[in-house]
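Below is one structure; the comments refer to it alone.
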Amino acid sequence: MRLALLVSLVLAAAPEHFSLSARYEPPARAGGIGSIAVIFTGTDPDIHINETPAPRLKLGDQAVLLDKQAPAPERVQPFDPATARYLDLALPVYFPVAIAKGAPRGAQTVPATVTYFYCSKRQGWCRKGTTDVAVAVDVR
-2 MRLALLVSLV
8 LAAAPEHFSL
18 SARYEPPARA
28 GGIGSIAVIF
38 TGTDPDIHIN
48 ETPAPRLKLG
58 DQAVLLDKQA
68 PAPERVQPFD
78 PATARYLDLA
88 LPVYFPVAIA
98 KGAPRGAQTV
108 PATVTYFYCS
118 KRQGWCRKGT
128 TDVAVAVDVR
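Every letter in the sequence shown is one number past the one before it in the working numbering, and letter 83, counting from 1, is 80.
Below, the structure is given as structure tokens:
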């Protein structure tokens, strides 16, 4: 019992390695493909987000946006923190989306989940991260 409580406290106290924000970027022309731009902000300069497997965005239940991402690969090669390639966090990661036919007009909030893999080269570990985001979309 004490061990389970101690493990829970340690896990609850673990620092977050990234914060995320997301914004909708409308298409250049009506009916085109827009995107959700996700910005990762790291809290530890030693922790990096892997290029492969690439981050993925999963839209929550809603009737505003359609996912236009290419399908995720069926098999992902194992990754090693010593050889992994990392994203440049100065740049957003873009996920293609389109406005759904019949989407309600006006300001909407679209829930989504971002899944990504990150590594610490110095400490020699890699982990999977998931973060929920809310994206403001103005449907015109």
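Beta carbons: idealized from backbone N, C-alpha and C, even for Gly.
{"query": "Buried or exposed for ALA109, going by 16 or more other Cβ atoms inside 10 Å?", "result": "buried"}
{"query": "What number of angstroms, rounded off, separates the C-alpha of THR106 from the C-alpha of ASP129?", "result": "13 Å"}
{"query": "Pop quiz: VAL35 and LEU54 are said to be a contact at Cβ under 8 Å. What is the actual Cβ separation, rounded to whole angstroms?", "result": "7 Å"}
{"query": "Rounded C-beta distance between TYR143 and ILE44? I'm assuming under 8 Å.", "result": "Summary: the structure shown does not reach residue 143, with the chain confined to residues -2 through 137, and so no result is reported for it."}
{"query": "So for PHE37, helix, strand or coil by DSSP?", "result": "strand"}
{"query": "What distance in whole Å lies between the Cβ atoms of LYS118 and ALA79, which are believed to be in contact at a cut-off of 8 Å?", "result": "7 Å"}
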